[in-house]
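K.L.:
Position 49 (the sequence shown) corresponds to 49 in full-length UniProt numbering; numbering is contiguous. Note that CB positions come from ideal geometry on N, CA and C, so glycine has one too. All values reported here derive from a predicted model rather than from experimental measurement. First the structure, then my questions, so here it is.
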Amino acid sequence: MRSKIVAGNWKMNKDLAETEVLLAELSAKLPDTKAEVMVAPTFVNLSAAVDKLKSSSIEVIAQNMHFAENGAYTGEISANMLLGIGVDTVIIGHSERRAYFGETDEILAKKVVAALAKNMRVMFCFGEELEDRKSGNHFKIVESQLKNALFSLDASAWSKIILAYEPVWAIGTGETASPEQAQEMHAFIRKTITNAYDTGIANNVSILYGGSVKPNNAVEIFSKPDVDGGLIGGASLVADDFIAIIKGIA
Ligand code: PEP
Numbered sequence: 001m002r003s004k005i006v007a008g009n010w011k012m013n014k015d016l017a018e019t020e021v022l023l024a025e026l027s028a029k030l031p032d033t034k035a036e037v038m039v040a041p042t043f044v045n046l047s048a049a050v051d052k053l054k055s056s057s058i059e060v061i062a063q064n065m066h067f068a069e070n071g072a073y074t075g076e077i078s079a080n081m082l083l084g085i086g087v088d089t090v091i092i093g094h095s096e097r098r099a100y101f102g103e104t105d106e107i108l109a110k111k112v113v114a115a116l117a118k119n120m121r122v123m124f125c126f127g128e129e130l131e132d133r134k135s136g137n138h139f140k141i142v143e144s145q146l147k148n149a150l151f152s153l154d155a156s157a158w159s160k161i162i163l164a165y166e167p168v169w170a171i172g173t174g175e176t177a178s179p180e181q182a183q184e185m186h187a188f189i190r191k192t193i194t195n196a197y198d199t200g201i202a203n204n205v206s207i208l209y210g211g212s213v214k215p216n217n218a219v220e221i222f223s224k225p226d227v228d229g230g231l232i233g234g235a236s237l238v239a240d241d242f243i244a245i246i247k248g249i250a
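If you want it as C-alpha cells, here you go:
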C-alpha cells in the first residue's frame, strides 16, 4: 500500500527564530492523521529542526543536494552531510532548481542515483510549463522527465521514490490544476510507470500533487484516487493553513 504524504517546502523562507516558532506551532497542532507529514526548511536550519522535532512524527527533509560525495563544490551539500544530521529524505528536481539553477534531467538523474546509493528517500518533482499544457504537450513532457531521470533505475529502487507532480504554471501562482486535471495526469504517470516497469511498482509509488494547494482546495484534490497527498509551498509557511491541508487527507 502506498503512503499518503503531505510535505511543506519552505524554500528560502524563515530564519532560525521563525523556523522554531513554526515548528512549535505545527507540533502542537498536528492532528491525528494517516499522512506522513514532512517539512523542508532551508539547509542552515535543518539541524535545529531535527532537534526540535525529536519527539514529533513530523519528518525533516532537505530541499536539494549535490550528486558528488564531497569535494570542491562551493555552496553545495552532500548526501552524507544530510544523513549526518538525521535527514534521510531529499527533494530533487523542484521546478525552481530547474528554472533558476540550470538543473537538467541529466543532472537530476545523477542526484537521484547519488541519494539512492546512500539509501535516502527521494521526492522527485517534475511537471510541465504553461506552454506545454497549452500546446497539448504536457503528457509528452512529463513522460520524458520521468524517463530521463528515473527509468534507468532498478525496480528495487522504487521503494525509495516519492513522486511530486507539480505543473509549473500552478506553483506559487494561485492557479491550481483542477482536481480532474491532477487525477488525469496522476493516472497517466501510473500508466507510464506500468509500461516502464510493472503495475506493482506503479501502484505502490506515492504521487503527490503540488501547485497552489490551499485549505480550500486540498480536500477535493486529495480525494482523487491517484493523488496521494501534496507538496505544499506558500501555504506550508502558515501553521493553521498547513494543518488544515493535512486534515484534508481522508
Ligand atoms: C512548490 O513550490 O512546490 C509549491 C507547490 O508551491 P505553492 O504551493 O506555493 O504553489
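With distances taken between CB atoms, is the gap from V6 to I232 smaller than 8 Å?
P.N.:
Taking the sequence shown and counting its residues from 1, the one referred to as residue 6 is at position 6. Taking the sequence shown and counting its residues from 1, the one referred to as residue 232 is at position 232. For V6 and I232, yes; Cβs fall inside 8 Å.
K.L.:
Given F139, which residues of its chain have a CB within under 7 Å of its CB, disregarding the five upstream and five downstream residues?
P.N.:
Residue 139 sits at position 139 when you count from the first residue of the sequence shown. Excluding residues within five positions, the ones whose Cβ falls inside 7 Å are F188.
K.L.:
Quick check on F43: buried or exposed, where buried means 16 or more other Cβ atoms within 10 Å of its Cβ?
P.N.:
Sequence index remark: in the sequence shown, residue 43 carries index 43 (1-based). So F43 counts as buried.
K.L.:
Where does T89 sit, in a helix, a strand or coil, going by DSSP?
P.N.:
The residue you call residue 89 lines up with position 89 of the sequence shown. In this structure, T89 counts as strand in the three-state DSSP scheme.
K.L.:
Determine the direct distance from the alpha carbon of D226 to that of R2, and round the result to whole angstroms.
P.N.:
Within the sequence shown, residue 2 is the residue found at index 2, counting from 1. Within the sequence shown, residue 226 is the residue found at index 226, counting from 1. About 10 Å.
K.L.:
Apply the 10 Å Cβ neighbour rule to S95 and answer buried if 16 or more other Cβ atoms are within range, or exposed otherwise.
P.N.:
Numbered from 1 along the sequence shown, position 95 holds the residue referred to as residue 95. Counting Cβ neighbours within 10 Å, S95 comes out buried, since at least 16 surround it.
K.L.:
Got a sec, what are the start and stop residues for the beta strand (DSSP E) E36 sits in?
P.N.:
The residue given as residue 36 occupies position 36 in the sequence shown. Segment 36-40, the beta strand (DSSP E) holding E36.
K.L.:
Grab me the residues of A49's own chain with a C-beta within less than 8 Å of its C-beta, minus the 5 sequence neighbours each way, in chain order.
P.N.:
Within the sequence shown, the letter at position 49 stands for residue 49. If we look at A49 and ignore the five residues flanking it on each side, its Cβ neighbours are T19, L23, V39, P41, V60.
K.L.:
In its own chain, which residues sit with a C-beta less than 7 Å from the C-beta of A182, not counting the 5 before and 5 after it?
P.N.:
Your numbering for residue 182 matches position 182 in the sequence shown. The answer, listed in chain order, is Y209, I221, K224, V227.
K.L.:
Skipping 5 residues on each side, what residues in its chain have a beta carbon closer than 7 Å to that of E13?
P.N.:
For the purposes of this step, residue 13 is identified with residue 13 of the sequence shown, where counting begins at 1. One point to set straight first is that residue 13 is Asn, not Glu, in the sequence displayed. L237, listed in sequence order.
K.L.:
Start and end of the alpha helix (DSSP H) containing I141?
P.N.:
Taking the sequence shown and counting its residues from 1, one reaches residue 141 at position 141. Note, I141: alpha helix (DSSP H), 138-150.
K.L.:
Is A164 helix, strand or coil when you go by DSSP?
P.N.:
Within the sequence shown, the letter at position 164 stands for residue 164. Strand.
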